[in-house]
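Here the structure is laid out as structure tokens; the discussion comes afterwards.
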Amino acid sequence: YAENNSVPTVKKSKSLTDLICEVGLSKKLDWLHLDVEGIDVDLILSLDEDKINLPEIIIFESKGIPEEKKKKAWDWFTERGYSYKDCNWNIIAIRKNK
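FYI, this note's numbering numbers position 23 of the sequence shown as 10, with every residue one higher than the one before it.
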């Protein structure tokens, strides 16, 4: 580490659901746009519907995400009433009228 003056540190993290609750959007989240270097699908799948109302629109970077992981997202969207479109760089999912 001396070569580049970096020092490893350990920080507590919080879930995306907890962050949404913390900023007061648990009941009304219109859209969620993620670009988190490959963990986008993991974060979407982690959303806790017991704590938050799901967003009306979800956009995330899909470039480089393996097809198997995209399929998990597509299944998740379908089960929750979203329509979605893969636009090569991003996926946009829109919740159908309830």
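Ideal Cβ placement from N, Cα and C applies to all residues, glycine included.
Proximal residues to residue i (C-beta, below 6 Å), its chain only, five neighbours per side dropped
i: S0; result: none
i: I45; result: L19 and A80
i: D22; result: E48
Host alpha helix (DSSP H) of residue i (start-end)
i: K56; result: E54 to E66
i: R9; result: For the sequence presented, residue 9 should be read as Glu rather than Arg. Counting along the chain, the alpha helix (DSSP H) containing E9 begins and ends at L3 to E9.
i: I31; result: D27 to L32
Proximal residues to residue i (C-beta, below 7 Å), its chain only, five neighbours per side dropped
i: K109; result: The chain is shown only over -12 to 85; residue 109 falls outside these bounds and no answer can be derived.
i: L16; result: I7, I39, N40 and P42
Residues of its chain near residue i, where Cβ-Cβ distance is below 8 Å and the 5 sequence neighbours each way are ignored
i: N75; result: S49 and K50
i: K59; result: V28 and L32
i: Y(-12); result: Note that Y(-12) scores 48 on pLDDT, short of 50, meaning its location in the model is unreliable; the coordinates nonetheless yield the value given after this. V(-6) and P(-5), listed in sequence order.
i: K57; result: V28, S49, D73 and I78
i: S2; result: S33 and D35
Paired residues, beta bridge with residue i - DSSP
i: K72; result: I79
i: I45; result: L19 and A80
Whole-number beta carbon distance between residue j and residue i, since they are thought to touch under 8 Å
i: Y69; j: I78; result: In fact, because the Cβ distance is near 10 Å, the residues do not count as touching under 8 Å.
Any C-beta of chain B under 8 Å from that of residue i
i: K14; result: No chain B appears in this structure, which consists of one protein chain only.
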